[in-house]
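Okay, structure first, notes after.
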Amino acid sequence: MTSLGTARADPGDADTGELPVGEGPDGSEVGLPVAVINGARDGKTLYLQAGSDGDELNGIGVIRRVVPQIDPTELSGTILIVGIANYFAFQHNEHRNPIDDTKLNRTYPGNENGTSTERIAAATFDAASRADLVLDLHQGSTSRMINEVRVRCGRRHRLHKDCLELAKVFGCGHILDQKGPEGQLARAAPDDGIPTVDPELGGSVGLDKESVQKGVEGVFNVLNYYDFLPGTSHPEGQTRASGFEQYGAPNGGLVEFNVELGERVSRRQTLFEITDVFGDTKASVTADSSGVFWRTRRLPQVATGEYVCSVGTDIDTY
């Protein structure tokens with residue numbers, strides 16, 4: 272039998288339950304929704320997590336579509352799933368945990384006796400530490416972004432090659448291969464010897480069907496390639512960026528983009544213009560480097576210095 276929190280499944284079976292992470296302000300126990308899919312045959316263990324940021328719903332959309340499609344009797348190995356990691360942020364539709372105003376994906380590996388967010392990180396990291404592979408499903412918050420997979424361990428890490436392979440297998444089309452901030456699951460788990468990536472499934476308000484479908488396909492690519500399920504997976508070449516340039520607004524006004532998401536841009540190409548409400552151009556911003564137009568703000572109105580867009584740089588094909 273394999274368990275995660277209150278979910279317990281014998282070989283060839285599946286179960287759902289809760290993973291206790293402390294108590295809420297009313298004193299009642301808080302549990303994260305979890306599932307165990309225990310294959311009929313021995314194999315690897317995959318840990319799958321969504322909702323690390325409470326307003327990022329596409330990963331949750333992936334899980335609710337993936338789980339019903341998996342037959343435990345056809346599965347080799349085990350899948351451990353946390354459907355919503357950042358419980359309080361999800362309840363309030365916020366990015367950070369409002370209990371302690373902390374971002375969950377900056378607190379790994381956590382502290383079981385710490386703050387609310389640190390306790391959630393500790394409980395979910397304990398589950399992830401039981402796995403051979405980890406997928407931490409994210410999206411570009413509520414901004415507009417291409418579908419991509421992030422390798423966050425850094426190129427000098429002993430598991431970089433394994434993490435990069437996992438990103439390629441998932442197959443979003445683009446990979447950001449750049450060392451991430453301290454406290455990310457995709458940095459902490461490789462330090463424990465577990466290849467880990469975080470697919471960033473677009474960016475949207477609510478659920479985006481195209482990005483959710485890309486995530487579903489990615490999970491099954493992983494399940495097939497690593498022999499959890501019968502079938503084959505042949506990873507295609509991915510466009511990889513090793514750098515990331517962000518652009519802010521030199522003036523206030525309304526943004527008008529000159530390129531589309533995913534489009535290749537060249538150095539000194541105009542990325543966007545800022546106009547006043549009468550259509551007069553106040554500023555024109557060009558790319559500092561060639562790359563891929565990766566991410567933009569969603570609303571057109573900006574104040575001086577506000578974030579506008581990002582370009583993935585140092586492009587190659589992996």
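Here the sequence shown stands for residues 272 to 589, numbered as in the working numbering. Ideal Cβ placement from N, Cα and C applies to all residues, glycine included. Remember, it's a predicted structure, so these values are computed and weren't measured experimentally.
7 Å or more divides the Cβ of S537 from the Cβ of G474.
In the structure shown, H431 falls within a helical segment according to DSSP collapsed to helix, strand and coil.
For A512, the three-state secondary structure derived from DSSP is strand.
Out of S323, T344, L430, the CA that lies nearest to the CA of A356 is found in S323.
For T541, the enclosing beta strand (DSSP E) stretches over residues 541-546. Judged by their CB atoms, A402 and L456 are not nearer to each other than the 7 Å cut-off. Listed in chain order, the non-local C-beta contacts of R312 below 7 Å within the same chain comprise S347, local neighbours out to five positions each way being set aside.
Annotation: P369 to A392 spans about 15 Å, alpha carbon to alpha carbon. The continuous stretches of beta strand (DSSP E) do not include N529, and DSSP gives it neither H nor E. Taken in chain order, the complete beta strand (DSSP E) segments of 3 residues or longer contained in the stretch 393-455 are 404-407, 418-422, 445-448.
In this chain, R538 is not harboured by any beta strand (DSSP E), its DSSP state being neither H nor E. Of the other Cβ atoms in all chains shown, fewer than 16 fall within 10 Å of the Cβ of P452; this residue is therefore exposed. For K480, the closest alpha carbon among the candidates G332, E527, G288 is that of G332. Annotation for A394: L290, P291, V292, L303, G381, E383 place their beta carbon closer than 8 Å to its own, counting only its chain and skipping 5 residues before and after. Closest in alpha carbon position to P466, among L532, V440, S274, T588, is V440. Under the 10 Å beta carbon count, H445 is surrounded by 16 or more other beta carbons and is classified as buried. If you draw a 10 Å sphere on the C-beta of M416, you find 16 or more other C-beta atoms in it, and that means buried.
Going by C-alpha positions, L447 is about 19 Å away from N492.
Between G486 and G330 the beta-carbon gap is near 7 Å, inside 8 Å, which marks them as a contact. At least 7 Å separates the beta-carbon of A554 from that of V582. Contact check for E327 against H409 passes: the beta carbons are separated by less than 7 Å.
Here K553 carries a strand assignment [DSSP, helix/strand/coil]. Excluding sequence positions up to five before and after R569, its CB lies within less than 8 Å of the CB of T413, S414, R415, G474, V476, all in the same chain and listed in chain order.
Per DSSP, reduced to three states, the secondary structure at N368 is strand. Rounded to whole angstroms, the Cβ separation of S387 and D371 is 5 Å, and the two are in contact under 8 Å. The C-alpha of M272 lies about 29 Å from the C-alpha of D433. In the DSSP annotation of this structure, the continuous segment of the beta strand (DSSP E) that includes R312 starts and ends at 312-320. V563 and N309 have their C-alpha atoms roughly 40 Å apart. DSSP places Y578 within a strand segment (E or B) once states are collapsed to three.
Between G523 and A460, the CB-CB gap reaches or exceeds 7 Å.
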